Amino acid sequence: KLAEEQSISESGKEKVGNRPSRIIYTITEKGRQEFIRILRDEWRSEQRNYYPVDLAVYFMSFLSKEEVRGYLERMILKTSDSLQELEAHAGDLKNNPYIPPLAFAIIDHTRRHLCAERDWLEDLASSLDEIHDTYPEYDS
Numbered sequence: 378k379l380a381e382e383q384s385i386s387e388s389g390k391e392k393v394g395n396r397p398s399r400i401i402y403t404i405t406e407k408g409r410q411e412f413i414r415i416l417r418d419e420w421r422s423e424q425r426n427y428y429p430v431d432l433a434v435y436f437m438s439f440l441s442k443e444e445v446r447g448y449l450e451r452m453i454l455k456t457s458d459s460l461q462e463l464e465a466h467a468g469d470l471k472n473n474p475y476i477p478p479l480a481f482a483i484i485d486h487t488r489r490h491l492c493a494e495r496d497w498l499e500d501l502a503s504s505l506d507e508i509h510d511t512y513p514e515y516d517s
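Next up, the structure:
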């Protein structure tokens, strides 16, 4: 698609060992301009995050406290696992000379979000006894 839009152009072919040959592409001036436009649009966007779990939290009293506690414990575990995986991956990348320092700012951004999510889930779980029944139960 990028070639059809003339955002990239074929600049050569290469063959390594017994592997099939592959085409090498170069970004065109039109492609550079489109890249810069998209980049600027992203910096200007005022994106607001939406968390679907918030709706589940709002209506948690429709489920038993034990069921909600189980979901929260699972979410805490998954978030903690994701955080550990991210930190291990970041540690591996630190030894790679091809990874620019800015990549670690992005990794840190993700790490901070995961930490905040884990902390919020832990706070929610610890206050579950106080807040679970604060929304009227559904009468079937």
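All the letters of the sequence shown, read from the start, carry residue numbers 378 to 517 under my numbering. Glycine residues also receive a C-beta, built at the ideal position from the N, C-alpha and C atoms. Computed from a prediction, not measured in an experiment: that's the story for all the values here.
- Looking at the DSSP output, Ile415 sits in no beta bridge, so it has no partner there.
- The C-alpha of Arg488 is placed about 10 Å away from the C-alpha of Ala467.
- Note on geometry: alpha-carbon atoms of Asp458 and Asp500 lie some 18 Å from one another.
- Within the DSSP bridge table, the entry for Gly389 names Ile401 as partners.
- Cβ contact annotation for Ile400 (same chain, cutoff 7 Å, sequence separation greater than five): Glu387, Lys390, in chain order.
- For Ala502, the uninterrupted alpha helix (DSSP H) run begins and ends at 479 to 503, by DSSP.
- Taking a cut-off of 8 Å on C-beta distances, the stretch 432 to 443 touches the stretch 500 to 511, as three or more cross pairs fall below it.
- In this structure the stretch 449 to 464 touches the stretch 488 to 498; the number of beta carbon pairs closer than 8 Å is three or more.
- Rounded to whole angstroms, the gap between the alpha carbons of Tyr475 and Pro429 is 37 Å.
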